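Number of protein chains: 2
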Amino acid sequence: MATERLTELEDEAWRGFLVSHERIWGVIEADLTPLGLSMTEYSVLGLLAEAGRDGIRLTELAKKRMMSTAGLSRLADRLEQRGLIERCRAASDGRGYDVTLTPAGRSLLRKAWKRQYADIKRLFIDKLTEEQLNALVDVWASLADQEER
Amino acid sequence: MATERLTELEDEAWRGFLVSHERIWGVIEADLTPLGLSMTEYSVLGLLAEAGRDGIRLTELAKKRMMSTAGLSRLADRLEQRGLIERCRAASDGRGYDVTLTPAGRSLLRKAWKRQYADIKRLFIDKLTEEQLNALVDVWASLADQEER
DNA sequence: ATGGAATAGTTGCTTGCGCAAGCAGGTTGG
DNA sequence: CCAACCTGCTTGCGCAAGCAACTATTCCAT
């Protein structure tokens, strides 16, 4: 087990992954800040939109967002403060809350999406052919196989 | 310009990108913490290794790492404190520092790389065929074309 | 029923980072 | 040569996120 090394090809594939992500992420994050949203906040609003009327539990959000419940609790504080989301005691379980988007939240999410969309289109979609997109989808599927280990 | 929407294919390609990155990033980050290194710290050590004997300027590191010089200044403080790097007044410019890896830094970087390597291999390389790797390299090249705009 | 885990969420403290301001060392036009 | 400006780095302050400890509720085995 001498010095473990990636082949040239492997290295390029890996580094490209990191670099491309970082670059694109940086841009869309910057384009979101005028709306007063971080990427994290944006994606939480997105998850809430998906969750619909019934809302979703804080813990569930934390899991999907891959962050601590503590962090999410305070993130929810901020969004609630701004009137973008609402916490309602869960009917079925007096410990938890069902969190939902308010109309204001929904509206801001739409605005944010417009920007996101433009960025994603310009920085990602438009630079790739349909073949490349298909290849990517194929890659993501392979990576997700047997989820870890 | 009705509701901007991605096609199914575009959406999968994009979300897969985000999700895969987040998942893999999380794992390798977690595997690095036993060594007391964050991903940022690790990658700075990596850049220093690339820079070699002459070292590299703090500002240069900040640029490459896409972080503020302030953040990098403090990051350097921590690494210096731990004896992993050294700041030497730049000969050519009395304001700046040439930062270099110490032997301890080099050694820790090697240890860290061993873990990284195992993760990257297991979570990324080994799950993909050579064809897929080639396709990825091709994609990263397309994305980098005409850098932004 | 009831006491003991388990679970949902919040709060105190710490940490890492960015912005803006500061400082000291360069650079340049008169 | 020196005044005005610029640049490389550091410092003060604030914010977002994690860990650990805590509260309140529910679940479960007896």
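Each protein sequence line maps, in turn, to chains U and R.
Using our numbering, the letters of the first sequence map in sequence onto residues 426 to 574.
Using our numbering, the letters of the second sequence map in sequence onto residues 426 to 574.
For every residue, glycine included, the Cβ atom is placed at its ideal position computed from N, Cα and C.
Quick caveat, the model's predicted, so the values are computed rather than measured.
Amino acids of chain R, ordered along the chain, whose beta-carbon sits closer than 7 Å to that of methionine 491 of chain U | Per Cβ cutoff of 7 Å: Glu447, Gly451.
Taking three-plus beta-carbon pairs below 8 Å as touching, is the stretch 528 to 541 of chain U in contact with the stretch 520 to 536 of chain R?
-> No: the two stretches stay apart, fewer than three of their Cβ pairs being nearer than 8 Å.
Distance, Cα to Cα, leucine 509 of chain U vs alanine 529 of chain R?
-> Here the alpha carbon of leucine 509 of chain U sits roughly 49 Å from the alpha carbon of alanine 529 of chain R.
Glutamate 454 of chain R to glutamate 466 of chain U, Cα distance in whole Å?
-> Between glutamate 454 of chain R and glutamate 466 of chain U, the C-alpha separation is close to 22 Å.
Are any of the Cβ atoms in chain U nearer than 9 Å to that of aspartate 456 of chain R?
-> By this cut-off, aspartate 456 of chain R is not an interface position.
Check the Cβ of glycine 441 of chain R against every Cβ in chain U and list those closer than 9 Å, keeping chain order.
-> Near glycine 441 of chain R (Cβ distances below 9 Å), the residues of chain U are Leu561, Val562, Val564, Trp565, Ala566, Leu568, Ala569.
Looking at the structure shown, is aspartate 518 of chain U part of a helix, part of a strand, or coil, going by DSSP?
-> Coil, per DSSP.
Residue from U/Glu505, U/Lys539, U/Ala515, U/Leu443 with nearest C-alpha to leucine 526 of chain U | If we check each option's Cα against that of leucine 526 of chain U, U/Glu505 comes out closest.
Roughly how many angstroms separate the alpha carbons of threonine 484 of chain R and tyrosine 542 of chain R, rounded to a whole number?
-> Their Cα atoms are separated by approximately 28 Å.
Pull up the distance between the alpha-carbon of threonine 554 of chain R and that of methionine 464 of chain U, whole angstroms please.
-> Going from the Cα of threonine 554 of chain R to the Cα of methionine 464 of chain U covers about 32 Å.
Using a Cβ-Cβ cut-off of 9 Å, state whether lysine 488 of chain R counts as contacting chain U.
-> At a cut-off of 9 Å, the C-beta of lysine 488 of chain R has no neighbouring C-beta in chain U.
Could you please give me the residues that DSSP links to leucine 526 of chain U through a beta bridge?
-> Listed as beta-bridge partners of leucine 526 of chain U by DSSP are U/Ile510.
Residues of chain R with CB under 8 Å from leucine 434 of chain U, in chain order?
-> Chain R residues near leucine 434 of chain U: Glu555, Leu558, Asn559, Val562.
What is the residue span of the alpha helix (DSSP H) that arginine 490 of chain U lies within?
-> Here the alpha helix (DSSP H) through arginine 490 of chain U covers 483 to 490.
Within 9 Å (strictly less), CB to CB, does valine 469 of chain U reach chain R?
-> Judged by the 9 Å Cβ criterion, valine 469 of chain U is not in contact with chain R.
On the three-state DSSP scale, how would you describe threonine 432 of chain R?
-> Note: threonine 432 of chain R maps to coil in three-state DSSP.
Are the C-beta of leucine 500 of chain R and some C-beta of chain U separated by less than 9 Å?
-> In terms of beta-carbon proximity, leucine 500 of chain R stays away from the interface with chain U, with every pair separated by 9 Å or more.
Run of the alpha helix (DSSP H) containing glutamine 605 of chain R, from where it starts to where it stops | The question about residue 605 of chain R has no answer here: the residues shown for chain R are numbered 426 through 574.
Under a CB-based cut-off of 9 Å, is alanine 438 of chain U close to chain R?
-> So, interface residue.
Using a Cβ-Cβ distance under 9 Å, would leucine 534 of chain R count as near chain U?
-> Chain U has no Cβ within less than 9 Å of the Cβ of leucine 534 of chain R.
Alpha helix (DSSP H) segment containing leucine 472 of chain U, residue limits = Membership of leucine 472 of chain U in the alpha helix (DSSP H) is indicated by the continuous run 464 to 476.
Taking only the alpha-carbon atoms, compute the straight-line gap between valine 444 of chain R and alanine 569 of chain U and give it to the nearest angstrom.
-> Roughly 9 Å separates the two Cα atoms.
Taking just the CA atoms, how far does aspartate 544 of chain U sit from arginine 574 of chain R?
-> Caution applies to arginine 574 of chain R, whose pLDDT of 41 falls short of 50 and renders its modelled position unreliable; the value that the coordinates give is listed next. Aspartate 544 of chain U has its alpha-carbon roughly 9 Å from the corresponding atom of arginine 574 of chain R.
Nearest candidate by alpha-carbon position, reference leucine 470 of chain R, set R/Lys489, R/Lys546, R/Glu429 | Nearest C-alpha to leucine 470 of chain R among R/Lys489, R/Lys546, R/Glu429: R/Lys489.
With a Cβ-Cβ cutoff of 9 Å, do valine 524 of chain R and leucine 486 of chain R count as a contact?
-> Note that the C-beta distance between valine 524 of chain R and leucine 486 of chain R is below 9 Å.
So is glycine 480 of chain R buried or exposed if we call it buried at 16+ other beta carbons inside 10 Å?
-> Residue burial is scored here from C-beta neighbours: glycine 480 of chain R has at least 16 other C-beta atoms within 10 angstroms and is therefore classed as buried.
Inter-residue spacing [alpha-carbon to alpha-carbon] between phenylalanine 442 of chain R and lysine 546 of chain R = Between the C-alpha atoms of phenylalanine 442 of chain R and lysine 546 of chain R there is a straight-line separation of about 18 Å.
Count the other CB atoms within 10 Å of the CB of glutamate 435 of chain R; is the residue buried (16 or more) or exposed (fewer)?
-> Label assigned to glutamate 435 of chain R: buried.
How about alanine 438 of chain R and valine 562 of chain U: do their beta carbons lie closer than 9 Å?
-> Yes, Cβ-Cβ distance for alanine 438 of chain R and valine 562 of chain U is below 9 Å.
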